[in-house]
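**Q** Before anything else, here's the structure in question.
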Amino acid sequence: MLESGKINSRQAIWLMITLVVATAGVYAPAVAVNAARQDAWLSVIFATLAALLIAWMIVSLILRFPGKTIFEIPELVLGKVAGKIIAFLFVLWLIHIEILVFSEFGNFMLSSVLPGTPMVVNDVVAAVMIAYITRNGLEVFSRFNGLFLPFFLFSITFITLLAFKDMELTRLLPVVDDGLTAIVKGSAAQIAWLGEVIVLAVIIPYLNKPGGALRVAFLATLVNGFIMTLNVVYPLAIFGPDLTASFFYPIYSAVRLISIANFLERLEAIPVVIWIAGGIIKVCILRYAAVLGAAQCLGLEDYRPLVLPVGAVVVAGSLHMYQDVTVTAAFVSDVWPFYALTFEAGIPLLLLVLAMARGLGSKNKGTDL
């Protein structure tokens, strides 16, 4: 195997939480509110239920082929040529997500935090850190994430409690005012974010107890859904739907309003720190999955030589593909849901149905909670 390290279920859950919520707090609230207005929180709940189905499907597929990743299974189901094509498409998709994440955070830093710093500087610094962490393997960045996530969860709780006095829950009314169609429409991007649990399809073979993968996927999805619901309710209850939808970064704007006795204020540094740290860990997870998949497709014995070349592609792509925050936001809102769900749900569903129809793989009993 290309990866000799193993992680436990808790580490896997924490990785999946960071993977999703690290970027979901940046654009997700505005995207949901633009589509469903004050019912955006219902969109997230609906998305969470849909994501649980995706999680079940992914785990069922991977456990049907013990020890195989999402890059190896297509060849077993579709044949060598078609399988290799699908596997390479997955690798390219993961690299594209990396580019998108780099662009999201680069645009955020440029527009809100460090407007005078060239985007290339931020990208190169982040790329060096990510390459170093990723080359050290799955166990290393899992431990690093174990230090970060408790701080992240504490920060969310701390900020929410401080902002509670400014919240007015009546701004979430009336419920279902624009009908169920708006709620479903608002859930599309949220399902795509939550569906990033597809990366678990790379990690399951390296769990010390692969049979517990369904529990990992379900718990991570439920926690992610809860955090994303808070991310939507928080700015909605402060600004209302119209103002929330007008911000590119509603949570950042809401945190800037916190002021306790004119002493505890200017807390916007907290979301900046957790978004940047979370973004770095997220890209580490994506980079690891992408280079591991590329190495498996190419028949290499080590994925590490691919880390730096892929990093160079990601930096170049982020500087040229999404140079403006409006372009990034439009892609995330209009294109991302359908594009992402093709890989998160469409292809895995096809592989699972074909495997079951042809009697391929094993009828595992490991998809228990």
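Following numbering that gives the first Met the number 0, the numbering of the sequence shown begins with 0 at its first residue and continues without gaps. The beta-carbon is built from N, C-alpha and C at its ideal position, and this holds for glycine as well.
1. Which same chain residues, not among the five before or five after I94, have their C-beta less than 7 Å away from its C-beta?
2. List the residues that DSSP assigns as beta-bridge partners of E71.
3. For V100 versus T22, is the C-beta distance shorter than 8 Å?
4. Just checking my contact of F246 with A328 at CB under 8 Å: how many whole Å lie between their CB atoms?
5. Skipping 5 residues on each side, what residues in its chain have a beta carbon closer than 7 Å to that of L109?
6. If you measure from the beta carbon of L52 to each beta carbon in chain C, is any gap under 8 Å?
7. Check whether the segment 39–46 touches the segment 172–186, taking contact to mean three or more Cβ pairs, one atom from each stretch, closer than 8 Å.
8. Can you name the residues that DSSP bridges to S258?
9. Between L137 and E300, which are expected to be in contact by the criterion C-beta below 8 Å, what is the C-beta distance as a whole number of angstroms?
10. Below 8 Å, how does it come out for the segment 32–39 and the segment 231–244: are there three or more Cβ pairs, yes or no?
11. Could you pull the DSSP bridge partners for L206 from this structure?
12. Can you tell me whether T169 is buried or exposed, with buried defined as 16 or more other CB within 10 angstroms of its CB?
13. Return the chain-ordered list of same chain residues with a C-beta closer than 6 Å to the C-beta of L353, the five sequence neighbours on each side being excluded.
14. Exposed or buried, F151, counting other C-beta atoms within 10 Å across all chains shown (16 or more means buried)?
15. Helix or strand or just coil, what does DSSP make of T169?
16. Determine whether the beta carbon atoms of T156 and A50 lie at a separation below 8 Å.
**A** This is what the structure gives:
1. Taking the first residue of the sequence shown as 1, we reach residue 94 at position 95. Within the same chain, I94 has close Cβ partners A289, V309, V312, V313.
2. As a working note, residue 71 is residue 72 in the sequence shown. Under DSSP, E71 forms no beta bridge with any residue.
3. Taking the first residue of the sequence shown as 1, we reach residue 100 at position 101. Taking the first residue of the sequence shown as 1, we reach residue 22 at position 23. Taking 8 Å as the Cβ cut-off, V100 and T22 qualify as a contacting pair.
4. As a working note, residue 246 is residue 247 in the sequence shown. As a working note, residue 328 is residue 329 in the sequence shown. About 11 Å separates the CB atoms of F246 and A328; that is not less than 8 Å, and the two are not in contact.
5. Taking the first residue of the sequence shown as 1, we reach residue 109 at position 110. Shown here for L109: same chain residues with a beta carbon closer than 7 Å to its own, the five before and five after excluded, namely M118 in chain order.
6. Within the model displayed, chain C is absent; a lone protein chain is all it includes.
7. Verdict: yes, contact present.
8. Sequence index remark: in the sequence shown, residue 258 carries index 259 (1-based). According to DSSP, which records beta bridges pairwise, S258 is partnered with E264.
9. Taking the first residue of the sequence shown as 1, we reach residue 137 at position 138. Taking the first residue of the sequence shown as 1, we reach residue 300 at position 301. Not really, about 17 Å apart at Cβ, beyond 8 Å.
10. Segment contact: the segment 32–39 against the segment 231–244, three or more CB-CB distances shorter than 8 Å; contact assigned.
11. Residue mapping note: residue 206 aligns to position 207 of the sequence shown, counting from 1. The partner list for L206 (beta bridge, DSSP) reads I6.
12. Taking the first residue of the sequence shown as 1, we reach residue 169 at position 170. The residue in question, T169, is exposed, as its Cβ has fewer than 16 Cβ neighbours within 10 Å.
13. As a first step, residue 353 is located in the sequence shown; it is residue number 354 there, counting from the start. Only residues of its own chain outside the window of five on either side were considered, and among them V76 have a CB closer than 6 Å to the CB of L353, listed in chain order.
14. For the purposes of this step, residue 151 is identified with residue 152 of the sequence shown, where counting begins at 1. Burial of F151 is indicated by the presence of at least 16 other C-beta atoms within 10 angstroms of its C-beta.
15. By 1-based counting over the sequence shown, the position of residue 169 is 170. Annotated three-state conformation of T169 is helix, per DSSP.
16. Working through the sequence shown from its first residue, we reach residue 156 at position 157. Working through the sequence shown from its first residue, we reach residue 50 at position 51. Contact flag unset, no.
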